[in-house]
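S.K.: Below is a structure I'd like to ask you about.
There are 2 protein chains.
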Amino acid sequence: MKNYKFQNATKILFGRGMEQCVGEEILPYGKKVLFHHYGDDFIRNSEIYKRVVHSLKESGLEIFELTGVQPNPVLSKVKEGIELCKREKIDFILALGGGSVIDSSKAIGLGAVYDGDVWDHYTKKHIIQESLPVGVVLTIAATGSESSAGSVITNEDGHIKLLGSNGHSRPVFAIMNPEVTFTVPRYPMAVGGVDMMSHVMERYFTNEPNVELTDRLCEATLRTIINNLPRTLENPADYNARSEIVCAGNLAHNGVLDCGRTPDWACHFISHILGGFTNLAHGATLSILTPHWMEYVYHANVEKFAQFAVRVWDIEYDEKAPEKTALGGIEALRTFWKGLGVPLTLTEAGVNCDQLEKIAELVVEDGPVGNVRKLYKEDVLNILKACV
Amino acid sequence: MKNYKFQNATKILFGRGMEQCVGEEILPYGKKVLFHHYGDDFIRNSEIYKRVVHSLKESGLEIFELTGVQPNPVLSKVKEGIELCKREKIDFILALGGGSVIDSSKAIGLGAVYDGDVWDHYTKKHIIQESLPVGVVLTIAATGSESSAGSVITNEDGHIKLLGSNGHSRPVFAIMNPEVTFTVPRYPMAVGGVDMMSHVMERYFTNEPNVELTDRLCEATLRTIINNLPRTLENPADYNARSEIVCAGNLAHNGVLDCGRTPDWACHFISHILGGFTNLAHGATLSILTPHWMEYVYHANVEKFAQFAVRVWDIEYDEKAPEKTALGGIEALRTFWKGLGVPLTLTEAGVNCDQLEKIAELVVEDGPVGNVRKLYKEDVLNILKACV
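Residue numbers (our numbering), protein chains in the order written: chain A, 1 to 388; chain B, 1001 to 1388.
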C-alpha cells in the first residue's frame, strides 16, 4: 500500500425529498446563487426544478439562471458563467443536473476567483487554488462528479477535452434523491453505469501490491452495480435499485477507492480524446475501449485479472491456467455490457475510424499512459484498431 | 435504504513518515497546542514522540503537554484539560495515542468552548455545537475514534461511562503510520481488532432492507480484518498487514458503513456499562458479549445472519436449514476470536458476576436497546447470564 492523503468533505444528503434542504444548505455561503442547468423544457417542467426553485426562494436567495449546458460541457459556456459571477458578485453556484452541469459549475467556480484564463487550470499552466463554493442537486448518477475533485471541459477551439483535478473543486454538498433519476432514459442510464464501473476498474487494476481492503471495496461496488443496473433498466421506478446505483456511482469516484493505490486511467485518457473526436457518450467510449484494453494488458498482471473474474463474476479459479480465468472475467464483463445495449466496437457505434492514428498521437502527447502496462502510441493505436 | 446525511471531513494522512507533517497541518489553526498523551516512559522514549515534538517545534508551535490519560478516559482529566485550554487560550489539541487519548481530547475540545459543565454534553442535557480543533497521531488502531464523531468518557463519580456524539468532534486530521503500531502488544492488538469488527457488525446487523452496497462494504471490511489481524499478531512488524488493519479500523467507524442503515449498537451499549463495572478492555467485553448476543437475537433476522456466514466466513448456504447456516457463522466468529486469545466468557475474564442485574438495569435505563431485536432488561440479563 502506498502512502496517501485523503480528504472528502462533501456533505451527502441522500433520499426522497432531500432537495427541500437545498436553500437551507446554501444560506451559510451567501445570498446570490448562480443556478446552472440544461435549461430545456424537460428540466423546466420537471418536479425537481420546481422544488429546487421553491426551496431557494423560500430561503430568500437571489437566483441567477445560466442554462444551455451541453453533454460535453464547453469552455465558452464556462466563460459566460465566470463573467456572470464576477459581474453579479455571485456567492454560490448550484448545479442541477448530471456530470456535464456539475463539471461546468466547477470550472465556473474556479474561474470566478481567478484573474487569468480558466483554461490555464486545465492545461496545468496555472493550478487555481480556490473556488466559489459549488453545490449539486443530482439528476443522473454516472460520473460521480457530485463529490469528486475533477472536472472535464472541452475547449471547442481544437476539440480539446481536458481534466482539471483539485480538492477545492469538490462540491460542498450533493443532494441525491434516487426518485429524481426515474426519468433518465435507458441509454444514458446504461452508459452512466459503464462509466461508474470504469471508475472502479481504473482503480482496481493496478500493479500496487498489498491493497486488500480497497480491492475488496472495489469488488463490493462492482457487484452492487452489476446486480442493480439491469433492474433500473427493466423497471425505471425501482427505488431500491436506483438507490444502490446512486450510492455506488458516488463511491466509485469519491476518492475512497483510490487510497493507497496507483490507479491506471488509460481507458479514461483514451476515452477523453476519442470523445472529443466522435461526440460519443463518455460511457460508450469506455464500453468500447475497456474490454479491448483488458485483452491487450492483462498479461502484465494475470493474477489481478483472475481475481477480478473470481471475486466479481464468480468464475472458478483455474490453477493450471490463471490466464483462462482472467480471460473469463473479461468475457463476462463484455457479455454484461452487451446485455445493457451499449456499444462494444467503434463500427457498432457508427464511428468513422479514419483518425485513429491522430487520436493515439494525442493520447500520449504528454508521455505514455496507464499503470498496469505503460501504453505508448503504438499500444494505444493497437487497442483502438482492436476496437474497430 | 433509509434517507441519510453523511459528512466526514477528516483529512487522513496514511503511511510511513507521515507524522513529519503534523506541525504543518496544525499551523493554519494557530500557535498554541495542547499536546495530550499517556505520558509514561514508553511513550516519552518512543521515536514517534520525538518526531512529533520535533515537527511541532520546527513549525514554531508552542507546546502545552497534558499527560496521564487512563485506558477508560475520565472526566477529571478532561476537566484539567479544559481548564488549561481556557487559561492558556489554546488554539489546537493534538492527541498522540489511541482511542482513550483521542476521546479525552475530543471532550476537552468541546468543554473548552463551553461555559457550563462538559458532562452536560454526555448526559445530553446540553449538546455542545462547536469544538476546538483536534488532530490525531494514531499509535494504536482499534476504536476508529481518529475520524469518528463520538467520544466515550467515564465519570468517576458513579462509574458512569457515556458516549457523546457530534460532527463537531471529528478530528480535522488523522495521521496513521502503521509502523508506529508495531510496538502495540499482542493483547491490546487483539481486543482492538475485536472492537473494529464489532463496529462493522453493529452496522451490518440491521433489519433495514435494501442495503446491498453497504452490506458488501461491511463484508469487505470484515474479511480484510479476519485475514490480516492474525498476521499482525504473528509478526508484529508486518507492515502490509498492519496497513490493512489501520485502514479497516478507520473505515469501520468513520460513518461510511452507516449510510442508509439503522445500526444496532446493543452490544456496545451493554459493553459500556459492563466496562464501567469491570474495567475490562472494551474489546474484551465485546468478544464476550457479541456471540452470545447473536445467539439470542438471530431468530429475528435469520437471513442476515446466514448471509454473514456465507459471505464473511465462506460457509455453504443450507437452503433447507438457513438457521443452521446462521449458527455456523456465529460459531466461526467465536472460533476466530478464540484463536486471537480474547475472552469469550465472563468467568474466563475473571469477572465477578454478582452485579449482572444492576448492569442490565442500567443498560435499559433510557429504554430498550438494539435494532435487530429490541432488548429489554430481561433480555439483557439473559444475554449477560449466557456470558457467565
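Glycine residues also receive a C-beta, built at the ideal position from the N, C-alpha and C atoms.
Source: prediction; values computed, not measured.
Any beta carbon from chain A within less than 8 Å of residue 1015 of chain B's own beta carbon?
M.R.: So, interface residue.
S.K.: So, is the C-beta of residue 1189 of chain B closer than 8 Å to a C-beta in chain A?
M.R.: no
S.K.: Please report the straight-line C-alpha distance between residue 1289 of chain B and residue 1122 of chain B, rounded to a whole angstrom.
M.R.: 24 Å
S.K.: How about residue 243 of chain A: is its Cβ closer than 7 Å to a heavy atom in the ligand PLP?
M.R.: As presented, the structure is devoid of all ligands, the ligand PLP included, so that no description of it is given.
S.K.: Helix, strand or coil: which one does DSSP assign to residue 1300 of chain B?
M.R.: helix
S.K.: Enumerate, from N- to C-terminal direction, the unbroken beta strand (DSSP E) stretches of 3 or more residues contained entirely within the stretch 103-168 of chain A.
M.R.: 134-138, 150-155 and 160-165
S.K.: Using the Cα positions of residue 364 of chain A and residue 37 of chain A, report the straight-line distance between them to the nearest angstrom.
M.R.: 34 Å
S.K.: Check for me: the alpha helix (DSSP H) holding residue 1096 of chain B runs from which residue to which?
M.R.: No alpha helix (DSSP H) holds residue 1096 of chain B; the beta strand (DSSP E) holding it covers 1092-1097.
S.K.: Going by CA-CA distance only, name the one from A:107, A:384 and A:291 that's closest to residue 72 of chain A.
M.R.: Ranked by Cα distance from residue 72 of chain A, the options A:107, A:384 and A:291 are led by A:107.
S.K.: Under 8 Å between beta-carbons, which chain B residues line up against residue 11 of chain A? List them in chain order, please.
M.R.: 1005, 1006 and 1007
S.K.: Does the beta carbon of residue 1002 of chain B sit closer than 8 Å to a beta carbon anywhere in chain A?
M.R.: yes
S.K.: Per DSSP, what kind of secondary structure is residue 1 of chain A in: helix, strand or coil?
M.R.: coil
S.K.: Can you find a C-beta in chain B that's less than 8 Å from the C-beta of residue 94 of chain A?
M.R.: no
S.K.: Closer than 7 Å by beta-carbon distance: list the chain B residues that pair up with residue 223 of chain A, in chain order.
M.R.: In chain order: 1216.
S.K.: Counting only Cβ pairs nearer than 7 Å, list the residues of chain A close to residue 1018 of chain B.
M.R.: Ordered by position in chain A, the residues that pass the 7 Å Cβ test against residue 1018 of chain B are 3.
S.K.: Count the other CB atoms within 10 Å of the CB of residue 299 of chain A; is the residue buried (16 or more) or exposed (fewer)?
M.R.: Label assigned to residue 299 of chain A: exposed.
S.K.: With distances taken between CB atoms, is the gap from residue 315 of chain A to residue 332 of chain A smaller than 8 Å?
M.R.: Closer than 8 Å, so yes.
S.K.: Which residues in chain B sit within 7 Å of residue 267 of chain A, going by Cβ to Cβ distance?
M.R.: What residue 267 of chain A touches in chain B: nothing, since even the nearest Cβ is about 23 Å away.
S.K.: Kindly indicate if chain B contains any beta-carbon less than 8 Å away from that of residue 357 of chain A.
M.R.: no
S.K.: For residue 303 of chain A, I'd like the list of residues in its chain whose CB is within less than 7 Å of its CB, leaving aside the five on either flank, ordered along the chain.
M.R.: 322
S.K.: Please classify residue 315 of chain A: does DSSP put it in a helix, a strand, or coil?
M.R.: coil
S.K.: Do residue 1343 of chain B and residue 1284 of chain B have their C-beta atoms within less than 8 Å of each other?
M.R.: yes
S.K.: When you compare only the Cα positions, how much space is there between residue 225 of chain A and residue 128 of chain A?
M.R.: Take the alpha-carbon of residue 225 of chain A and the one of residue 128 of chain A: they are about 34 Å apart.
S.K.: Please classify residue 1369 of chain B as buried or exposed, where buried requires at least 16 neighbouring CB atoms within 10 angstroms.
M.R.: buried
S.K.: For residue 260 of chain A, would you say it is in contact with chain B, using Cβ-to-Cβ distances shorter than 8 Å as the test?
M.R.: By the rule that beta-carbons nearer than 8 Å mark a contact, residue 260 of chain A touches chain B.
S.K.: Secondary structure at residue 1206 of chain B, three-state DSSP: helix, strand or coil?
M.R.: Three-state result, residue 1206 of chain B: coil.
S.K.: So the candidates are B:1271, B:1016 and B:1308; which of them puts its Cα closest to the Cα of residue 1160 of chain B?
M.R.: B:1271
S.K.: Listed in chain order, which residues of the stretch 236-262 of chain A have Cβ atoms closer than 8 Å to some Cβ of chain B?
M.R.: 240, 243, 244, 247, 248, 251, 256, 259 and 260
S.K.: Can you find at least 3 beta carbon pairs, one from the stretch 1148-1165 of chain B and one from the stretch 1200-1209 of chain B, that sit closer than 8 Å?
M.R.: no
S.K.: Measuring only the C-alpha atoms, how far is residue 279 of chain A from residue 352 of chain A?
M.R.: Straight-line Cα distance between these residues: approximately 11 Å.
S.K.: Identify the continuous beta strand (DSSP E) that holds residue 1036 of chain B and give its terminal residues.
M.R.: 1032-1036
S.K.: Got a sec, what are the start and stop residues for the beta strand (DSSP E) residue 182 of chain A sits in?
M.R.: Run containing residue 182 of chain A: none; DSSP gives neither H nor E here.
S.K.: Does residue 369 of chain A come out as helix, strand or coil in the three-state DSSP assignment?
M.R.: In the three-state reduction of the DSSP assignment, residue 369 of chain A falls in the strand class.
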